[in-house]
Amino acid sequence: MTISRRDIVTAATALAALPVLAGGVAAPATAAQPDESADAADGLAIPIPMRNPPGMGKQRGIALCGGGEYLVAWYMGYFRALNEAGVDLSLADVIIGTSAGSVAGAAILAGALGRLHTAMAFFGKMPGLLLKLADTTKLSPSQKRAVDLALSVDNSDPETIQQIGRAAMAAHNPANGAKYARTIRLLVGQSAWPSPKLFTTANDCYTGERLIVSAASGIDVTEACAASASWPGRAGPAWLKDRYAMDGGVCQTSTHCDVIAGVKKAIVISLSDGGPAAAAQGLRLASIPNTLMDEIASLKAGGSEVKLIVVGLPPGWTHVELLNPVSIKPALDYGYARGKAEAAEIKQFWA
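All the letters of the sequence shown, read from the start, carry residue numbers -22 to -1, 1 to 329 under mature numbering (1 follows the signal peptide of the UniProt record, and there is no 0).
Following this line, the structure appears as C-alpha coordinates:
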(Lines of atoms letter the chains of each structure in order from A and count residues from 1; the text may use other names and numbers.)
(Lines give C-alpha, C1' and ligand atoms only; values in the text may rest on other atoms or scores of the structure.)
Protein backbone atom coordinates (compact mmCIF):
# COMPACT_ATOMS: atom_id res chain seq x y z
CA MET A 1 0.00 0.00 0.00
CA THR A 2 1.32 3.43 -0.94
CA ILE A 3 0.80 6.75 0.80
CA SER A 4 0.36 9.98 -1.10
CA ARG A 5 1.64 13.45 -0.26
CA ARG A 6 -1.96 14.48 0.43
CA ASP A 7 -2.39 11.58 2.85
CA ILE A 8 0.79 12.61 4.67
CA VAL A 9 -0.34 16.22 5.04
CA THR A 10 -3.76 15.11 6.31
CA ALA A 11 -2.03 12.94 8.91
CA ALA A 12 -0.09 15.88 10.33
CA THR A 13 -2.48 16.67 13.15
CA ALA A 14 -2.28 13.14 14.49
CA LEU A 15 1.51 13.03 14.25
CA ALA A 16 1.80 16.29 16.12
CA ALA A 17 -0.24 14.93 18.97
CA LEU A 18 1.42 11.56 19.49
CA PRO A 19 2.59 11.99 23.07
CA VAL A 20 5.28 10.55 25.29
CA LEU A 21 4.78 7.72 27.71
CA ALA A 22 5.90 9.09 30.99
CA GLY A 23 7.35 6.70 33.48
CA GLY A 24 8.76 3.22 33.29
CA VAL A 25 7.32 -0.23 33.62
CA ALA A 26 5.08 -1.55 36.31
CA ALA A 27 5.87 -3.65 39.29
CA PRO A 28 2.93 -5.18 41.17
CA ALA A 29 0.87 -2.28 42.49
CA THR A 30 -2.56 -1.42 43.75
CA ALA A 31 -4.93 -0.75 40.86
CA ALA A 32 -8.16 1.21 40.87
CA GLN A 33 -11.22 -0.70 42.04
CA PRO A 34 -13.63 -1.59 39.22
CA ASP A 35 -16.40 0.93 38.68
CA GLU A 36 -19.79 -0.45 39.73
CA SER A 37 -21.48 0.51 36.47
CA ALA A 38 -22.53 -1.19 33.27
CA ASP A 39 -19.20 -0.57 31.55
CA ALA A 40 -17.32 -2.43 34.27
CA ALA A 41 -18.16 -5.66 32.43
CA ASP A 42 -16.74 -4.58 29.08
CA GLY A 43 -13.53 -6.54 29.61
CA LEU A 44 -11.22 -3.55 29.13
CA ALA A 45 -10.20 -2.83 32.73
CA ILE A 46 -7.21 -5.03 33.60
CA PRO A 47 -5.49 -4.58 36.97
CA ILE A 48 -1.69 -4.41 37.19
CA PRO A 49 -0.12 -6.97 37.16
CA MET A 50 -2.26 -8.82 34.64
CA ARG A 51 -3.50 -12.27 35.57
CA ASN A 52 -3.05 -14.96 32.92
CA PRO A 53 -1.21 -12.66 30.51
CA PRO A 54 -1.32 -13.51 26.79
CA GLY A 55 2.46 -13.84 26.80
CA MET A 56 2.43 -16.81 29.15
CA GLY A 57 4.10 -19.80 27.52
CA LYS A 58 4.74 -17.98 24.24
CA GLN A 59 8.09 -17.75 22.47
CA ARG A 60 8.51 -14.02 21.73
CA GLY A 61 7.08 -10.79 23.09
CA ILE A 62 7.65 -7.08 22.49
CA ALA A 63 6.77 -4.12 24.74
CA LEU A 64 6.87 -0.68 23.12
CA CYS A 65 6.62 2.52 25.13
CA GLY A 66 5.77 5.96 23.77
CA GLY A 67 7.58 9.24 23.26
CA GLY A 68 5.86 11.60 20.85
CA GLU A 69 7.05 12.32 17.34
CA TYR A 70 10.56 11.77 18.59
CA LEU A 71 10.02 8.12 19.45
CA VAL A 72 7.78 7.35 16.47
CA ALA A 73 10.61 8.57 14.24
CA TRP A 74 13.21 6.67 16.26
CA TYR A 75 11.16 3.47 15.97
CA MET A 76 10.94 3.87 12.20
CA GLY A 77 14.68 4.39 11.82
CA TYR A 78 15.52 1.53 14.17
CA PHE A 79 13.02 -0.91 12.69
CA ARG A 80 14.14 -0.08 9.16
CA ALA A 81 17.72 -1.00 10.06
CA LEU A 82 16.58 -4.23 11.71
CA ASN A 83 14.48 -5.12 8.68
CA GLU A 84 17.45 -4.58 6.38
CA ALA A 85 19.39 -7.01 8.55
CA GLY A 86 16.68 -9.65 8.27
CA VAL A 87 15.05 -9.19 11.67
CA ASP A 88 11.32 -9.89 11.41
CA LEU A 89 9.60 -8.31 14.41
CA SER A 90 6.21 -9.56 13.21
CA LEU A 91 7.29 -13.01 14.44
CA ALA A 92 6.40 -11.82 17.94
CA ASP A 93 3.63 -13.85 19.54
CA VAL A 94 2.43 -10.81 21.50
CA ILE A 95 3.10 -7.08 21.20
CA ILE A 96 1.96 -4.59 23.81
CA GLY A 97 2.09 -1.00 22.59
CA THR A 98 1.50 2.20 24.51
CA SER A 99 0.89 5.61 22.93
CA ALA A 100 3.45 6.02 20.14
CA GLY A 101 4.30 2.37 20.76
CA SER A 102 0.73 1.38 19.96
CA VAL A 103 1.02 3.01 16.53
CA ALA A 104 4.41 1.36 15.95
CA GLY A 105 3.10 -2.02 17.09
CA ALA A 106 0.08 -1.76 14.81
CA ALA A 107 2.36 -0.82 11.91
CA ILE A 108 4.55 -3.87 12.55
CA LEU A 109 1.64 -6.30 12.43
CA ALA A 110 -0.21 -4.50 9.62
CA GLY A 111 2.86 -4.54 7.37
CA ALA A 112 2.81 -0.74 7.38
CA LEU A 113 6.29 0.12 8.64
CA GLY A 114 7.30 1.45 5.22
CA ARG A 115 4.21 3.65 5.12
CA LEU A 116 4.88 5.13 8.54
CA HIS A 117 8.58 5.61 7.78
CA THR A 118 7.65 7.56 4.64
CA ALA A 119 5.36 9.84 6.64
CA MET A 120 7.99 10.52 9.29
CA ALA A 121 10.71 11.12 6.69
CA PHE A 122 8.46 13.63 4.93
CA PHE A 123 7.87 15.64 8.10
CA GLY A 124 11.50 15.28 9.07
CA LYS A 125 12.31 17.33 5.98
CA MET A 126 9.44 19.78 6.54
CA PRO A 127 8.98 20.20 10.31
CA GLY A 128 7.66 23.73 9.86
CA LEU A 129 4.66 22.38 7.95
CA LEU A 130 3.75 20.15 10.85
CA LEU A 131 3.96 23.06 13.28
CA LYS A 132 1.69 25.15 11.07
CA LEU A 133 -0.88 22.38 10.88
CA ALA A 134 -0.75 21.44 14.57
CA ASP A 135 1.36 23.63 16.83
CA THR A 136 2.01 21.64 20.00
CA THR A 137 4.15 24.42 21.46
CA LYS A 138 1.13 26.63 22.24
CA LEU A 139 -1.24 25.53 24.99
CA SER A 140 -4.55 26.98 26.13
CA PRO A 141 -5.03 27.45 29.90
CA SER A 142 -7.04 24.22 30.15
CA GLN A 143 -4.36 22.30 28.25
CA LYS A 144 -1.56 23.74 30.39
CA ARG A 145 -3.45 22.79 33.54
CA ALA A 146 -3.51 19.13 32.48
CA VAL A 147 0.11 19.16 31.32
CA ASP A 148 1.33 20.78 34.54
CA LEU A 149 -0.69 18.42 36.72
CA ALA A 150 0.93 15.36 35.17
CA LEU A 151 4.32 16.89 35.99
CA SER A 152 3.42 17.65 39.60
CA VAL A 153 2.17 14.31 40.97
CA ASP A 154 4.42 11.98 42.95
CA ASN A 155 2.44 8.73 42.99
CA SER A 156 0.25 6.46 40.88
CA ASP A 157 -2.62 6.02 43.33
CA PRO A 158 -6.05 5.58 41.70
CA GLU A 159 -7.15 8.96 43.06
CA THR A 160 -4.13 10.61 41.43
CA ILE A 161 -4.86 9.01 38.06
CA GLN A 162 -8.50 10.11 38.36
CA GLN A 163 -7.36 13.68 39.09
CA ILE A 164 -5.24 13.70 35.93
CA GLY A 165 -8.20 12.17 34.08
CA ARG A 166 -10.45 15.02 35.14
CA ALA A 167 -7.91 17.53 33.86
CA ALA A 168 -7.66 15.55 30.59
CA MET A 169 -11.42 15.64 30.10
CA ALA A 170 -11.52 19.37 30.82
CA ALA A 171 -8.70 20.26 28.41
CA HIS A 172 -9.63 21.87 25.09
CA ASN A 173 -7.37 19.87 22.80
CA PRO A 174 -7.38 20.58 19.04
CA ALA A 175 -6.40 16.94 18.39
CA ASN A 176 -9.58 15.30 19.56
CA GLY A 177 -12.50 13.12 18.57
CA ALA A 178 -13.12 11.00 15.48
CA LYS A 179 -10.87 13.15 13.29
CA TYR A 180 -7.91 12.16 15.43
CA ALA A 181 -8.64 8.46 14.90
CA ARG A 182 -9.09 8.98 11.14
CA THR A 183 -5.71 10.63 10.77
CA ILE A 184 -4.06 7.84 12.72
CA ARG A 185 -5.67 5.43 10.25
CA LEU A 186 -3.63 7.11 7.50
CA LEU A 187 -0.47 6.19 9.38
CA VAL A 188 -1.40 2.58 10.09
CA GLY A 189 -3.23 2.04 6.80
CA GLN A 190 -6.32 0.28 8.13
CA SER A 191 -8.94 0.33 10.86
CA ALA A 192 -9.35 -3.45 11.19
CA TRP A 193 -7.34 -5.04 13.98
CA PRO A 194 -4.15 -6.19 12.25
CA SER A 195 -3.53 -9.28 14.37
CA PRO A 196 -4.67 -10.97 17.58
CA LYS A 197 -1.02 -10.60 18.65
CA LEU A 198 -1.48 -6.86 19.20
CA PHE A 199 -2.57 -5.30 22.48
CA THR A 200 -2.78 -1.57 23.23
CA THR A 201 -3.11 0.31 26.49
CA ALA A 202 -5.03 3.29 27.83
CA ASN A 203 -6.39 4.60 31.13
CA ASP A 204 -9.98 5.37 32.05
CA CYS A 205 -10.18 9.10 32.81
CA TYR A 206 -13.08 8.65 35.24
CA THR A 207 -12.22 5.48 37.15
CA GLY A 208 -8.43 5.59 36.83
CA GLU A 209 -8.35 1.96 35.68
CA ARG A 210 -5.73 0.56 33.30
CA LEU A 211 -7.36 -0.53 30.04
CA ILE A 212 -6.10 -3.19 27.64
CA VAL A 213 -7.55 -3.38 24.12
CA SER A 214 -7.20 -6.42 21.86
CA ALA A 215 -8.72 -7.90 18.75
CA ALA A 216 -11.37 -9.49 20.97
CA SER A 217 -12.48 -6.07 22.25
CA GLY A 218 -14.41 -5.21 19.09
CA ILE A 219 -12.72 -1.81 18.74
CA ASP A 220 -11.05 -0.44 15.59
CA VAL A 221 -7.29 -0.36 15.91
CA THR A 222 -7.28 3.34 15.01
CA GLU A 223 -9.60 4.09 17.93
CA ALA A 224 -7.41 2.01 20.22
CA CYS A 225 -4.25 3.81 19.12
CA ALA A 226 -5.93 7.21 19.38
CA ALA A 227 -6.93 6.50 22.98
CA SER A 228 -3.51 5.09 23.81
CA ALA A 229 -1.85 8.24 22.43
CA SER A 230 -4.16 10.76 24.14
CA TRP A 231 -1.80 12.55 26.50
CA PRO A 232 -3.65 14.88 28.90
CA GLY A 233 -3.57 18.42 27.59
CA ARG A 234 -2.06 17.38 24.26
CA ALA A 235 -4.56 15.11 22.52
CA GLY A 236 -7.85 13.35 23.15
CA PRO A 237 -9.24 11.89 25.32
CA ALA A 238 -10.83 9.29 23.05
CA TRP A 239 -13.70 6.87 23.44
CA LEU A 240 -13.16 3.14 23.96
CA LYS A 241 -16.66 1.71 23.93
CA ASP A 242 -18.38 3.65 26.74
CA ARG A 243 -15.17 4.82 28.41
CA TYR A 244 -13.42 8.14 27.91
CA ALA A 245 -9.76 7.13 27.80
CA MET A 246 -6.39 8.85 28.02
CA ASP A 247 -2.81 7.83 27.31
CA GLY A 248 -1.67 4.40 28.45
CA GLY A 249 1.36 5.96 30.12
CA VAL A 250 -0.66 7.83 32.74
CA CYS A 251 -0.03 5.23 35.43
CA GLN A 252 2.86 3.44 37.08
CA THR A 253 3.93 1.79 33.84
CA SER A 254 4.82 3.07 30.40
CA THR A 255 5.56 -0.27 28.76
CA HIS A 256 3.06 -2.57 30.52
CA CYS A 257 5.43 -5.52 30.50
CA ASP A 258 3.08 -7.57 32.66
CA VAL A 259 1.13 -8.27 29.44
CA ILE A 260 4.09 -10.15 27.92
CA ALA A 261 5.08 -11.89 31.16
CA GLY A 262 5.91 -15.54 30.58
CA VAL A 263 7.41 -15.25 27.10
CA LYS A 264 10.72 -16.98 26.52
CA LYS A 265 12.27 -13.93 24.84
CA ALA A 266 11.20 -10.35 25.47
CA ILE A 267 12.28 -7.16 23.72
CA VAL A 268 11.42 -4.09 25.79
CA ILE A 269 11.96 -0.63 24.32
CA SER A 270 11.87 2.20 26.84
CA LEU A 271 12.42 5.89 26.22
CA SER A 272 14.52 6.31 29.36
CA ASP A 273 16.36 4.06 31.80
CA GLY A 274 13.95 4.92 34.57
CA GLY A 275 16.45 7.16 36.35
CA PRO A 276 15.82 10.57 37.91
CA ALA A 277 17.48 12.45 35.02
CA ALA A 278 14.74 11.55 32.54
CA ALA A 279 12.49 14.56 33.19
CA ALA A 280 15.37 17.03 33.01
CA GLN A 281 16.40 15.50 29.68
CA GLY A 282 12.87 15.86 28.34
CA LEU A 283 12.38 12.10 28.26
CA ARG A 284 9.29 12.20 30.47
CA LEU A 285 6.11 14.31 30.51
CA ALA A 286 4.96 13.13 33.93
CA SER A 287 6.44 12.75 37.38
CA ILE A 288 4.69 9.47 38.19
CA PRO A 289 7.35 7.19 39.75
CA ASN A 290 9.15 5.02 37.21
CA THR A 291 9.52 1.31 37.99
CA LEU A 292 11.14 0.09 34.78
CA MET A 293 13.94 -1.89 36.36
CA ASP A 294 11.55 -3.59 38.79
CA GLU A 295 9.51 -4.94 35.94
CA ILE A 296 12.51 -6.06 33.96
CA ALA A 297 13.55 -7.97 37.07
CA SER A 298 10.05 -9.46 37.30
CA LEU A 299 10.22 -10.65 33.69
CA LYS A 300 13.56 -12.30 34.31
CA ALA A 301 12.34 -13.87 37.54
CA GLY A 302 9.49 -15.37 35.54
CA GLY A 303 11.92 -17.11 33.21
CA SER A 304 12.06 -14.59 30.35
CA GLU A 305 15.29 -13.73 28.59
CA VAL A 306 15.06 -9.95 28.26
CA LYS A 307 16.63 -7.50 25.83
CA LEU A 308 16.08 -3.99 27.19
CA ILE A 309 16.66 -1.22 24.64
CA VAL A 310 16.86 2.27 26.15
CA VAL A 311 16.40 4.96 23.50
CA GLY A 312 17.69 8.00 25.34
CA LEU A 313 19.04 11.10 23.61
CA PRO A 314 20.87 11.39 20.30
CA PRO A 315 24.66 11.67 20.69
CA GLY A 316 25.65 15.12 21.88
CA TRP A 317 22.15 16.12 22.98
CA THR A 318 21.37 17.10 26.56
CA HIS A 319 17.62 17.67 26.13
CA VAL A 320 14.87 16.78 23.67
CA GLU A 321 11.41 18.16 22.98
CA LEU A 322 9.47 15.01 22.30
CA LEU A 323 6.51 16.79 20.71
CA ASN A 324 8.49 19.21 18.55
CA PRO A 325 8.69 18.12 14.90
CA VAL A 326 12.25 19.42 14.63
CA SER A 327 13.21 16.27 16.54
CA ILE A 328 11.91 13.95 13.80
CA LYS A 329 14.87 14.00 11.42
CA PRO A 330 17.51 13.59 14.17
CA ALA A 331 15.46 10.78 15.71
CA LEU A 332 15.12 8.95 12.38
CA ASP A 333 18.86 9.16 11.84
CA TYR A 334 19.67 8.20 15.42
CA GLY A 335 17.29 5.24 15.35
CA TYR A 336 18.71 3.99 12.07
CA ALA A 337 22.30 4.28 13.34
CA ARG A 338 21.41 2.43 16.55
CA GLY A 339 19.61 -0.23 14.54
CA LYS A 340 22.59 -0.78 12.24
CA ALA A 341 24.91 -1.07 15.23
CA GLU A 342 22.65 -3.44 17.17
CA ALA A 343 21.08 -5.47 14.36
CA ALA A 344 23.39 -8.47 14.61
CA GLU A 345 22.83 -8.75 18.36
CA ILE A 346 19.05 -8.40 18.01
CA LYS A 347 18.97 -10.93 15.18
CA GLN A 348 20.79 -13.49 17.28
CA PHE A 349 18.56 -12.81 20.26
CA TRP A 350 15.36 -13.01 18.19
CA ALA A 351 16.27 -16.24 16.42
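Positions of the beta carbon are idealized from the N, C-alpha and C atoms, including for glycine.
Identify which residue in the options has its Cα closest to the Cα of residue i.
i, options, result
"GLY240", "ALA78, ALA19 and ARG38", "ARG38"
"GLY83", "ILE40, VAL284 and ALA159", "ILE40"
"GLU320", "ARG29, GLY64, ALA99 and LEU49", "GLY64"
"ASP71", "GLU62, GLY46 and LYS36", "LYS36"
"LYS318", "GLY21, ARG58 and PRO27", "ARG58"
"MET28", "THR233, ARG160, GLY143 and GLN168", "THR233"
"ARG135", "GLY253, ALA204 and GLN230", "According to the sequence displayed, residue 135 carries Asp and not Arg. Of the candidates GLY253, ALA204 and GLN230, the one whose C-alpha sits nearest the C-alpha of ASP135 is GLN230."
"ALA170", "ALA194, TYR184 and VAL125", "ALA194"
"GLY211", "LEU263, ASP251, ALA255 and ILE197", "LEU263"
"GLU47", "LEU165, PRO32 and ASP220", "LEU165"
"PRO31", "LEU286, ILE190, ASP126 and VAL131", "ILE190"
"GLN172", "ASP198, CYS183 and MET147", "Note on identity: in this sequence residue 172 is Pro, with Gln being the wrong assignment. Selected option, being the one with the closest Cα: ASP198."
"LYS243", "LEU270, ILE324 and GLY290", "ILE324"
"LEU42", "THR76, ALA128, ASP20 and PRO292", "THR76"
"ILE245", "ALA19, ASP66 and LEU127", "ASP66"
"GLY253", "GLY290, LEU218 and LYS219", "GLY290"
"MET34", "VAL125, ILE238, LEU108 and LEU109", "ILE238"
State the Cα-Cα distance for the pair residue i and residue j, rounded to the nearest angstrom.
i, j, result
"LEU310", "ALA51", "5 angstroms"
"ASP236", "SER282", "12 angstroms"
"GLU14", "GLU273", "Here the model assigns GLU14 a pLDDT of 35, short of 50, so the residue's position is not dependable, and the following value carries that caveat. Distance between the alpha carbons of GLU14 and GLU273 is about 30 angstroms."
"ALA275", "ALA97", "36 angstroms"
"LEU60", "LEU94", "15 angstroms"
"ALA149", "ALA329", "46 angstroms"
"ASP225", "ALA180", "5 angstroms"
"VAL288", "ILE247", "6 angstroms"
"LYS278", "VAL284", "7 angstroms"
"ASN268", "GLN141", "19 angstroms"
"ILE139", "SER208", "14 angstroms"
"PHE100", "PRO303", "11 angstroms"
"LEU176", "SER120", "33 angstroms"
"ASN151", "GLY214", "7 angstroms"
"GLY294", "ALA256", "16 angstroms"
"GLY106", "LYS116", "14 angstroms"
"GLY227", "LEU127", "14 angstroms"
"LEU91", "ASP20", "31 angstroms"
"LYS219", "SER80", "18 angstroms"
"GLU137", "GLU62", "46 angstroms"
"GLY280", "THR178", "22 angstroms"
"ILE74", "SER250", "18 angstroms"
"GLY89", "GLY167", "9 angstroms"
"SER305", "LEU108", "12 angstroms"
"ALA322", "PRO292", "21 angstroms"
"VAL125", "GLY143", "11 angstroms"
"LEU129", "ALA258", "11 angstroms"
Counting only the same chain and skipping the five closest in sequence on each side, list residues whose C-beta sits under 6 angstroms from that of residue i.
i, result
"ARG123", "ALA145"
"ALA78", "LEU(-5), GLY44, GLY45, LEU49 and VAL50"
"GLY313", "TRP52, GLY55 and TYR56"
"GLU201", "ALA159"
"ILE162", "ALA(-9), THR200, CYS203 and ALA204"
"PHE327", "LYS285"
"PRO174", "ALA193"
"MET271", "GLY252"
"GLY196", "none"
Under DSSP, the beta strand (DSSP E) around residue i begins and ends at which residues?
i, result
"VAL246", "243 to 248"
"ASP225", "221 to 225"
"VAL288", "283 to 288"
"GLY35", "No beta strand (DSSP E) contains GLY35, which DSSP labels as neither H nor E."
"ILE73", "72 to 75"
Quick one: residues in its chain with C-beta nearer than 8 angstroms to the C-beta of residue i, no 5 flanking neighbours on either side, listed in chain order?
i, result
"LYS103", "LYS307"
"ASN133", "ILE266 and PRO267"
"TRP217", "GLU201, ALA205 and ALA223"
"VAL131", "THR138, GLN141, ILE142, ALA264, SER265 and ILE266"
"SER118", "ALA149 and HIS150"
Short of 7 angstroms in beta carbon distance, which residues of its chain neighbour residue i, apart from the five on each side in sequence? Order them along the chain.
i, result
"SER68", "ILE86 and LEU87"
"GLY260", "HIS297, VAL298, GLU299 and LEU300"
"TYR222", "MET147, CYS183, TYR184 and PRO215"
"residue 330", "Because the chain is modelled from -22 through 329, residue 330 falls outside the range shown and cannot be assessed."
What are the boundary residues of the alpha helix (DSSP H) that includes residue i?
i, result
"LEU60", "46 to 62"
"ALA99", "91 to 103"
"ARG38", "From DSSP, ARG38 is part of no alpha helix (DSSP H) but of the beta strand (DSSP E) over 38 to 42."
"ASP251", "Here ASP251 belongs to no alpha helix (DSSP H), and DSSP marks it neither H nor E."
"residue 352", "In the structure displayed, the chain extends from -22 to 329; residue 352 sits before or after that span and is not available."
"GLY143", "136 to 148"
"ARG123", "119 to 128"
Considering only heavy atoms of the ligand ATP, does any lie closer than 7 angstroms to the CB of residue i?
i, result
"MET98", "The ligand ATP is not part of this structure, which contains no ligands at all."
Segments of 3+ residues assigned as beta strand (DSSP E) that fall wholly inside the segment 159 to 239: 176 to 182, 188 to 191, 216 to 218 and 221 to 225
Beta strand (DSSP E) runs contained entirely in the segment 266 to 326, provided each spans 3 or more residues: 283 to 288
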